[in-house]
Ligand SMILES: Cc1cc2nc3c(=O)[nH]c(=O)nc-3n(C[C@H](O)[C@H](O)[C@H](O)COP(=O)(O)O)c2cc1C
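In our numbering, the protein residues as written are 286 to 603.
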């Protein structure tokens, strides 16, 4: 089947928004797409075993997206290749542009199940999962997001192995599993992965990930390590406009209006299914670095719905 590989059509360098559980839902992706759109977006990770069980209806909202968020990639995780095959078929039907396999999450509960970053030490199963997904994907490009080892750095073995799997892209968070996010990212290892890819004459794109806080910082890494692009995660919390490519500062009013827009969309989208406390985790993204910010944030943390947030915010603008 002809590969419809949107990755190869993207203008380089590529700036991607990282998948983040309980952060990059359809609502936050929409807000970000409206104010400064990344070149490619990812869903939160979604479990294949759950998607292929009676619990599917509970998980499907994690795969919601709007046209404006495209190109959009569904990120999945699990252990059973058969479930990856069926889930890839489902993702194709849902209209996604690509599928990403999570082989990097360091969470103990997923590792115990042999999933995500545990696959770095189980290349045989990793290969079966990649193959099953590629077969089920019917031409949709498949990528892998991973780390550079579990306890020790094994870039050549692990990334070398991944490069041989005919993937559209590999996104490399430059730390081992053991390192979590506690040490500086090993960018030189990501650069080494690019050299490996070049030596192997592979078409697989390589995106680096870890600690990037601005487009300028991303551009510097791209140049230094000859990357196809970078992925930015937590940098979005410091600056939701990070992907807008301009250095313009945004006024307090603009930030507050964006907070209201986000809270309202969160409420209309998730009113019946998500606890309002999840929204509260975003307040500090919009309310920081100005006089009275911490007082306002403290008050906002006591709210229980959009009208209460709106009243406090409007009062503070007046
Ligand atoms: C709150 C949170 C949730 C995350 N959830 C996911 C996830 O669902 N899938 C995934 O591959 N990585 C996940 N990550 C890891 C990020 O995608 C990214 O690799 C990591 O934060 C390092 O990049 P950064 O320094 O730019 O944030 C998560 C990170 C955070 C902070």
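Glycine included, each C-beta is placed from N, C-alpha and C at the ideal position.
Selected residue, minimal CA-CA separation from residue i, among the options
i, options, result
"residue 354", "302, 365 and 337", "302"
"residue 575", "549, 344 and 536", "536"
"residue 591", "555, 420, 603 and 447", "555"
"residue 675", "584, 333 and 599", "For the chain, the structure presents residues 286 to 603; residue 675 sits outside this window and is missing."
"residue 364", "375, 412 and 374", "412"
"residue 338", "371, 308, 357 and 573", "371"
"residue 523", "572, 493, 483 and 530", "572"
"residue 385", "366, 415, 399 and 586", "415"
"residue 347", "306, 325 and 295", "306"
"residue 579", "588, 568 and 602", "568"
"residue 487", "513, 503 and 464", "513"
"residue 545", "533, 531 and 564", "564"
"residue 446", "551, 423, 418 and 406", "406"
"residue 404", "541, 381 and 362", "362"
"residue 356", "570, 408, 345 and 294", "294"
"residue 603", "541, 559, 516 and 548", "541"
"residue 533", "321, 317 and 308", "321"
"residue 444", "423, 577 and 480", "480"
"residue 558", "345, 318 and 588", "345"
Test item: CB-CB of residue i and residue j under 7 Å
i, j, result
"residue 410", "residue 383", "no"
"residue 497", "residue 478", "no"
"residue 435", "residue 468", "no"
"residue 457", "residue 475", "yes"
"residue 527", "residue 520", "yes"
"residue 391", "residue 465", "yes"
"residue 298", "residue 507", "yes"
"residue 485", "residue 448", "yes"
Assigned exposure category for residue i - 16 Cβ within 10 Å defines buried
i, result
"residue 368", "buried"
"residue 430", "buried"
"residue 596", "exposed"
"residue 286", "Below a pLDDT of 50, predicted positions are generally treated as unreliable, and residue 286, at 49, falls in that range; no measurement from the model is reported."
"residue 442", "exposed"
"residue 332", "buried"
"residue 304", "buried"
"residue 296", "exposed"
"residue 509", "exposed"
"residue 482", "buried"
"residue 495", "buried"
"residue 394", "exposed"
"residue 400", "buried"
"residue 547", "buried"
"residue 341", "exposed"
"residue 511", "exposed"
Cβ-Cβ separation, residue j to residue i (assumed contact under 8 Å), whole Å
i, j, result
"residue 351", "residue 378", "With 8 Å as the limit, residue 351 and residue 378 do not qualify as a contact, their Cβ atoms being about 17 Å apart."
"residue 360", "residue 327", "5 Å"
"residue 389", "residue 402", "5 Å"
"residue 581", "residue 594", "Going by Cβ atoms, the distance from residue 581 to residue 594 rounds to 10 Å, so no, they are not a contact pair."
"residue 433", "residue 460", "7 Å"
"residue 358", "residue 325", "6 Å"
"residue 543", "residue 525", "7 Å"
"residue 606", "residue 290", "For the chain, the structure presents residues 286 to 603; residue 606 sits outside this window and is missing."
"residue 310", "residue 329", "6 Å"
"residue 472", "residue 503", "Actually they are not in contact, since the Cβ atoms of residue 472 and residue 503 sit about 11 Å apart, beyond 8 Å."
"residue 515", "residue 300", "6 Å"
Fill in: Residues surrounding ligand 1 [beta-carbon distance to nearest heavy atom under 6 Å]
The answer, residue by residue, is 303, 304, 305, 306, 308, 329, 330, 360, 387, 389, 390, 430, 458, 494, 495, 496, 497, 517, 518, 519 and 520.
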